[in-house]
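S.K.: Residue numbers (my numbering): 17 to 535.
This is the structure we're talking about:
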């Protein structure tokens, strides 16, 4: 709504600007064109604008008096009056009754005006309904409300179904007074229920505090469940809450025996009998650059003549959070089509060899770091998994694989002609590779197209390499040359020092020395 000053100002500007509504709206920001023209016509018609708009009453005085009279003479029922006359609304009728009959007290019989009762009054009415020998109509009359209101309050306070359990009393029925024994029995039952509820609330409060303290003390990221806690963890939680609750209560909620608790207390205060073993485990884990799991750590300890169970090593590593991170990446694919005819698969997934230089496996894998991409091309001996030769470069070209093959051929002794198995990558189908294989008397073998299990032993080598050396580390500030140096050091470490469980917990080079196959 616009005030009188706003409207008269707009009309005067409209006249001043030669009836240009756009100019007025641009200057004032109001009103709409249609509204402005309406104000202007009113200004011309009435020689000015009305200062205040007064709505004419919808009902005259006679209608108002007729409605109030009908209401008073027909049981003071608003619904009956509105049905008979067709007007007004309940709120307006109440307003007329208050205006014309101020001495009339509002009440809440059916169809009457609403009486607002306090919460205490409603509770008292429901209590009378449940305990006294009066029918609901007498209670409703006393509180000047309808019977429906009494039942509605009972449902709100006592819950659904409670109204049906309230006996409907007949006015002519004589109430039967309860005996002292019945009253005492009811008191005892209520007292027992109150005590049980109090105990249940206390137990729930204890469980809540235990869960909160367990999350704080144990710090499990996946959440806390009382059933999944170990006895050691339960003992930590109990110690944190001993100053607030009795030991018996905490043990009951956590379902832990008293003897187990005191056993854990004694074990926690006793010196750590695995302190020296923990230190050796940490040292072996660090020396492997966080690559060894509990099996290889156990083998490393055994090589140092440290006798300890593999399960103990696993438990101690879990307690000290010595974990090996592993992330899968998409592998490099060197397939470029059928450049030259493929050769048969001579290995046929039999990666067992009885002696060195019988079966060789080769492939190329890619390392993508922020500084660029690096490629590794190794030859793996099926006898013991030893990397016979390898080359590292920044391009997966023919020189990378040819130089690797030349280095591997130089390591052969007279009379050794191994099978060299590869995938169907273009590097192993170029003339340079084929001629070198033929000159050295080596036997070519290829996997089926797109069938990685045919070369799974070499794929497994790449998986171990990347899990132990590449994944889970940041290479942000590492240059290409630095990465090549790190990768080459790992290959030497893999051949000379890395423990292999299948070889009895020693490295491939150490295994060959043990067999007298190398110096």
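For each residue, glycine too, the CB sits at the ideal point set by N, CA and C. Quantities reported herein were computed from a predicted structural model and do not represent experimental measurements.
(1) Using alpha carbons as the reference points, say which of 391, 367 and 521 lies closest to residue 308.
(2) Enumerate, from N- to C-terminal direction, the unbroken alpha helix (DSSP H) stretches of 4 or more residues contained entirely within the region 474-514.
(3) By alpha-carbon positions, which one of 67, 41, 313 and 48 ends up nearest to residue 24?
(4) Please classify residue 339 as buried or exposed, where buried requires at least 16 neighbouring CB atoms within 10 angstroms.
(5) Hey, would you say residue 407 sits closer than 7 Å to residue 419, going by beta carbons?
(6) Report, in whole angstroms, the separation of the C-beta atoms of residue 166 and residue 140, which I expect to be a contact under 8 Å.
(7) Residue 391 lies in the beta strand (DSSP E); which residues open and close that run?
(8) Which of helix, strand or coil does DSSP assign to residue 412?
(9) Could you please give the first and the last residue of the uninterrupted beta strand (DSSP E) stretch that includes residue 340?
(10) If you reduce the DSSP assignment to three classes, tell me which class residue 55 lands in.
(11) Roughly how many angstroms lie between the CA atoms of residue 122 and residue 93, to the nearest whole one?
(12) So, with DSSP's three-state summary, where would you put residue 322?
(13) Is there contact between the region 71-84 and the region 38-55, where contact requires at least three CB pairs shorter than 8 Å?
(14) Thinking C-beta only, is residue 56 closer than 7 Å to residue 30?
(15) Output the residue ranges of the alpha helix (DSSP H) runs that lie fully inside the region 91-125 and measure 4 residues or longer, sorted by chain position.
(16) Express the C-alpha separation of residue 249 and residue 137 in angstroms, rounding to a whole number.
(17) DSSP three-state call for residue 462: helix, strand or coil?
(18) Using DSSP's beta-bridge definition, name the partner residues of residue 405.
(19) Could you check what DSSP says for residue 275 in three-state terms: helix, strand or coil?
(20) Take residue 462 as the anchor and find which of 443, 515 and 317 has the nearest alpha-carbon.
(21) Would residue 272 be called buried (16 or more neighbouring beta carbons within 10 Å of its own) or exposed?
M.R.: By the coordinates alone:
(1) Taking the first residue of the chain shown as 1, we reach residue 308 at position 292. If we check each option's Cα against that of residue 308, 521 comes out closest.
(2) 496-512
(3) If you number the chain shown from 1, residue 24 lands on position 8. Checking every option, the nearest Cα to that of residue 24 belongs to 67.
(4) Within the chain shown, residue 339 is the residue found at index 323, counting from 1. Exposed: under 16 other Cβ atoms inside 10 Å.
(5) Residue 407 sits at position 391 when you count from the first residue of the chain shown. Residue 419 sits at position 403 when you count from the first residue of the chain shown. Contact flag set, yes.
(6) In the chain shown, counting from the first residue as 1, residue 166 sits at position 150. In the chain shown, counting from the first residue as 1, residue 140 sits at position 124. Not a contact, Cβ separation roughly 11 Å.
(7) Position 375 of the chain shown, counting from 1, holds the residue named residue 391. Per DSSP, residue 391 belongs to the beta strand (DSSP E) from 388-397.
(8) The sequence position of residue 412 within the chain shown is 396, counting from 1. Residue 412: coil per DSSP, three-state reduction.
(9) Here residue 340 is taken as the residue at index 324 of the chain shown, counted from 1. Where residue 340 is concerned, there is no enclosing beta strand (DSSP E), given that its DSSP letter is neither H nor E.
(10) The residue you call residue 55 lines up with position 39 of the chain shown. Looking at residue 55 - three-state DSSP - the assignment turns out to be helix.
(11) Residue 122 sits at position 106 when you count from the first residue of the chain shown. Residue 93 sits at position 77 when you count from the first residue of the chain shown. Residue placement at residue 122 is flagged as unreliable, the pLDDT there being 49, under the threshold of 50; a coordinate-derived value is accordingly withheld.
(12) As a first step, residue 322 is located in the chain shown; it is residue number 306 there, counting from the start. Of the three classes helix, strand and coil, the one that applies to residue 322 here is coil, per DSSP.
(13) no
(14) As a position in the chain shown, residue 30 is number 14, starting the count at 1. As a position in the chain shown, residue 56 is number 40, starting the count at 1. Closer than 7 Å, so yes.
(15) 94-101 and 106-116
(16) One-based indexing of the chain shown puts residue 137 at position 121. One-based indexing of the chain shown puts residue 249 at position 233. Near 53 Å, if we compare the C-alpha coordinates of residue 249 and residue 137.
(17) As a position in the chain shown, residue 462 is number 446, starting the count at 1. Of the three classes helix, strand and coil, the one that applies to residue 462 here is strand, per DSSP.
(18) By 1-based counting over the chain shown, the position of residue 405 is 389. DSSP output for residue 405 lists 395 as bridge partner(s).
(19) Within the chain shown, residue 275 is the residue found at index 259, counting from 1. In the structure shown, residue 275 sits in a helix (DSSP, three-state: H, G or I).
(20) Working through the chain shown from its first residue, we reach residue 462 at position 446. Ranking the options by Cα distance to residue 462, first place goes to 443.
(21) For the purposes of this step, residue 272 is identified with residue 256 of the chain shown, where counting begins at 1. Residue 272 is buried by the Cβ-count criterion.
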